[in-house]
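*Asks:* Starting off with a structure, shown below.
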DNA sequence: CTAAATGCAAAGCATTTGCAAATAT
DNA sequence: ATATTTGCAAATGCTTTGCATTTAG
């Protein structure tokens, strides 16, 4: 499914600005508001921060964008894919995805808390190999 | 160690406002900025939000207060204790602590990411037993 | 053609800062 | 006695809103 189809699937008009947001997120993976804004500015010199915010918000509502709240840095946004966890570098702010089998942990949490669980956010903070090497 | 001693350990003057913040957090567990403010207002009718913020920030810096970033609600603060995870209710915003053995997961993340891990934040979102019953 | 989206400017909140007065040590 | 802390008011910064214009379908 291409990006135009993705937007249409969620009843959003495929404007050039929106297409670029989706584009940029699908190549960069995780970006915060300002990174998105500066990146879009290149292609759309008169784009407004308000447009970025409005689009982020509507994409979050529609459910195909996800906000990741990180401990040591600004929140970032990513296109929704299969449930996965994140590893964040405290030095360079790089964020990577990692698929973990957390079934047993989730079951443990269910059993011990008696909560009905619906989602989870697992974030591991550390220093990436590149930054470790740079010491 | 009492709360005065805790503050002194971190070279902070044990003002009544600070003692009450620590007090309230040690009984309530997790509170956001406004909950802290309204609670402190009872005992200190002229306390300022700025004082709440200043103290939260200095306690975070000193390292005995921790900010928990939740997906569906405002961030909350807690006194630092042993590493643990959180389960949050999407209905009533209740947050509980849970001790999980995540050694094997952490090792897996280390191995697969090559990051040097320093901390983690595991948050499980769902509906608490009380809210489930209320349906 | 019409409803939705953009871009601008203004408004709204949350958080921080500067400073004089008060306070812990 | 002194450096720190408090509380107020102002400032800052991030996000949202309103509205006229433009644009996608």
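Protein chains in written order, with our numbering: chain F, 839 to 973; chain Z, 839 to 973.
Glycine is no exception: its CB is placed at the ideal position from the N, C-alpha and C atoms.
Quantities reported herein were computed from a predicted structural model and do not represent experimental measurements.
Shorter than 7 Å from the beta carbon of residue 961 (chain F) to some beta carbon of chain Z?
*Replies:* Interface residue, yes.
*Asks:* Starting from the Cα of residue 928 (chain Z), find the closest Cα among Z:910, Z:861 and Z:870 and give me that residue.
*Replies:* Ranking Z:910, Z:861 and Z:870 by Cα distance to residue 928 (chain Z) puts Z:910 first.
*Asks:* Output the distance between the C-alpha atoms of residue 850 (chain F) and residue 863 (chain F), rounded to the nearest integer angstrom.
*Replies:* Near 17 Å, if we compare the C-alpha coordinates of residue 863 (chain F) and residue 850 (chain F).
*Asks:* Would you please state the rounded distance, in angstroms, between the beta carbons of residue 963 (chain Z) and residue 956 (chain F)? I believe it to be under 8 Å.
*Replies:* Yes, residue 963 (chain Z) and residue 956 (chain F) are in contact; Cβ-Cβ is about 6 Å, under 8 Å.
*Asks:* Below 7 Å on C-beta distance, what does residue 952 (chain Z) contact in chain F?
*Replies:* Simply 967.
*Asks:* Counting along the chain, where does the beta strand (DSSP E) carrying residue 906 (chain F) start and finish?
*Replies:* Its beta strand (DSSP E) spans residues 903-906.
*Asks:* Using beta-carbon positions only, say whether residue 951 (chain Z) and residue 914 (chain F) come within less than 7 Å of one another.
*Replies:* No, the Cβ-Cβ distance between residue 951 (chain Z) and residue 914 (chain F) is not below 7 Å.
*Asks:* Below 8 Å on C-beta distance, what does residue 958 (chain F) contact in chain Z?
*Replies:* Residues of chain Z passing the Cβ test: 960, 961, 962 and 963.
*Asks:* Hey, which unbroken runs of the beta strand (DSSP E) at 3 residues or more fall wholly within the region 878-938 of chain Z?
*Replies:* As far as the region 878-938 of chain Z is concerned, its whole beta strand (DSSP E) runs of at least 3 residues are 903-906, 914-917, 923-927 and 933-936.
*Asks:* Considering only the beta carbon of each residue, do residue 932 (chain Z) and residue 922 (chain Z) sit closer than 7 Å?
*Replies:* No. Outside cutoff.
*Asks:* Residue 929 (chain F) CB to nearest chain Z CB: under 7 Å?
*Replies:* So no, residue 929 (chain F) is outside the interface.
*Asks:* Could you tell me the boundaries of the beta strand (DSSP E) in which residue 963 (chain Z) lies?
*Replies:* Looking at the DSSP string, the run of the beta strand (DSSP E) that includes residue 963 (chain Z) is 954-965.
*Asks:* Since residue 966 (chain F) and residue 953 (chain Z) are thought to touch, with beta carbons under 8 Å apart, how far apart are those beta carbons, to the nearest angstrom?
*Replies:* Going by Cβ atoms, the distance from residue 966 (chain F) to residue 953 (chain Z) rounds to 5 Å, so yes, they are a contact pair.
*Asks:* Quick test of your reading: residue 841 (chain F) and residue 860 (chain F), contact by CB under 8 Å. State the CB separation rounded to the nearest angstrom.
*Replies:* So it is a contact: roughly 4 Å between Cβ atoms.
*Asks:* Would you report the Cα separation of residue 880 (chain Z) and residue 894 (chain F), rounded to the nearest angstrom?
*Replies:* Approximately 39 Å, taken between the alpha carbons.
*Asks:* Any Cβ of chain Z within less than 7 Å of the Cβ of residue 949 (chain F)?
*Replies:* Output row for residue 949 (chain F): interface = no.
*Asks:* Distance, Cα to Cα, residue 839 (chain F) vs residue 845 (chain F)?
*Replies:* If I take the Cα positions, the gap works out to 10 Å.
*Asks:* Buried or exposed: residue 865 (chain Z), going by 16 or more other Cβ atoms within 10 Å of its Cβ?
*Replies:* Per the 10 Å Cβ criterion, exposed.
*Asks:* Residues of chain Z with CB closer than 9 Å to the CB of residue 938 (chain F), please, in chain order.
*Replies:* Here the neighbours are 943, 946, 947 and 950.
*Asks:* Within 6 Å: the Cβ of residue 853 (chain Z) and any heavy atom of the ligand SAM?
*Replies:* Looking for the ligand SAM in the displayed structure turns up nothing, as the structure carries no ligands at all.
*Asks:* Show which residues of chain F have a CB atom less than 7 Å away from the CB atom of residue 970 (chain Z).
*Replies:* Those are 954, listed as they occur along chain F.
*Asks:* Should residue 887 (chain Z) be labelled buried (16 or more other beta-carbon atoms within 10 Å of its own) or exposed?
*Replies:* When all chains shown are included, residue 887 (chain Z) counts as exposed.
*Asks:* Is the beta carbon of residue 848 (chain F) less than 7 Å from the beta carbon of residue 919 (chain F)?
*Replies:* Not a contact, by the Cβ cut-off of 7 Å.
*Asks:* Given a cut-off of 7 Å, decide if residue 855 (chain Z) and residue 877 (chain Z) are closer than it, judged by their beta-carbon atoms.
*Replies:* Cβ distance not < 7 Å, so residue 877 (chain Z) and residue 855 (chain Z) don't count as in contact.
*Asks:* To the nearest angstrom, how far is it from the Cα of residue 940 (chain Z) to the Cα of residue 970 (chain F)?
*Replies:* Near 24 Å, if we compare the C-alpha coordinates of residue 970 (chain F) and residue 940 (chain Z).
*Asks:* Please compile the residues from chain Z whose C-beta is within a distance smaller than 7 Å of the C-beta of residue 925 (chain F).
*Replies:* The contacting residues are 947, 951 and 953.
*Asks:* Who are residue 839 (chain F)'s beta bridge partners in DSSP?
*Replies:* Answer is none; residue 839 (chain F) lacks a bridge partner.
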